[in-house]
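The structure appears right after this line, and notes come after that.
In our numbering, the protein residues as written are 1 to 268.
Structure representation (structure tokens):
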């Protein structure tokens, strides 16, 4: 048998790591002197430690490695864990490849001595519970719809809504026939009515930009977003509507808001 210091030198794994593996019951010493506390390992455990290091190099967590090195783990279970890890790494590669495209596009901008008018961010928006009302109307009517849904939320929730959203089910430039949905995020369900519905907006990946705007006036950011999406290796999703999230009123103004425009995207 080898003392822990000798085993550490043979395996080139620090003593501190071996003690940590013992605490996790990942690699327990073959013998532990109860009086001195010294740990002793066998040569066979060098092979087990090497297996642990191989799985660690493949990106598995220590908890996952503990499952993989169990004697009773079946080939089917091991295959499943490796396929999950494969999918996880493929997703990470795709995410980092998209990030690399954005960096390259920004470098090209710098080389051309261009300063972006607005900063655009790619992010995942979590599912969001909202109360909503859907209408075919025009942009000029949006502030009145904000007031109407705000009164409903205040009356049934006892508090003013923290923000408003517009979900565009048809183009915002359709003049008097825009199919849109006004929504307010809520943290608990409210009663449905013929007018107001409680729903869950689905998770979506978006290109987003923050700016100042009026809900009753068209803002030109959609053109900037569309151009940015095309240049950075994405395309606009046809499965999800775009959104505008009116976060708070601009200081000193009753009609202008700090707005986040969100356009759903998918990678090319």
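Where is the CB? At the ideal position from N, CA and C, for every residue including glycine.
Three or more beta-carbon pairs separated by less than 8 angstroms link the segment 245-264 to the segment 151-169, which places the two stretches in contact. With fewer than three CB-CB distances shorter than 8 angstroms, the segment 70-89 does not count as touching the segment 200-213.
Counting along the chain, the unbroken beta strand (DSSP E) around residue 208 starts and ends at 204-213. Counting along the chain, the unbroken alpha helix (DSSP H) around residue 151 starts and ends at 142-157.
Straight across, the Cα-Cα distance linking residue 250 with residue 78 is about 55 angstroms.
Contact annotation: residue 7 and residue 46 have beta-carbon atoms nearer than 9 angstroms. If you check the CB distance, residue 24 and residue 66 come in under 9 angstroms. For the set 155, 57, 4, the Cα lying nearest the Cα of residue 190 is the one of 155.
Secondary structure of residue 60 (DSSP, three-state): coil. In this structure residue 180 is not in contact with residue 217, their Cβ atoms being roughly 14 angstroms apart against a cut-off of 8 angstroms.
Contact holds between the segment 128-137 and the segment 192-201, because three or more Cβ pairs, one in each stretch, are under 8 angstroms apart. Annotation for residue 242: 168, 262, 263, 264 place their beta carbon closer than 7 angstroms to its own, counting only its chain and skipping 5 residues before and after.
As computed with DSSP, residue 103 is found in no beta bridge at all.
Residue pairing by DSSP places residue 185 opposite 130 in a beta bridge. When the Cα atoms are used, residue 142 and residue 127 turn out to be separated by approximately 24 angstroms. Judged by beta-carbon spacing, residue 69 lies beyond the 9 angstroms limit of residue 41, meaning their Cβ atoms are not closer than that value.
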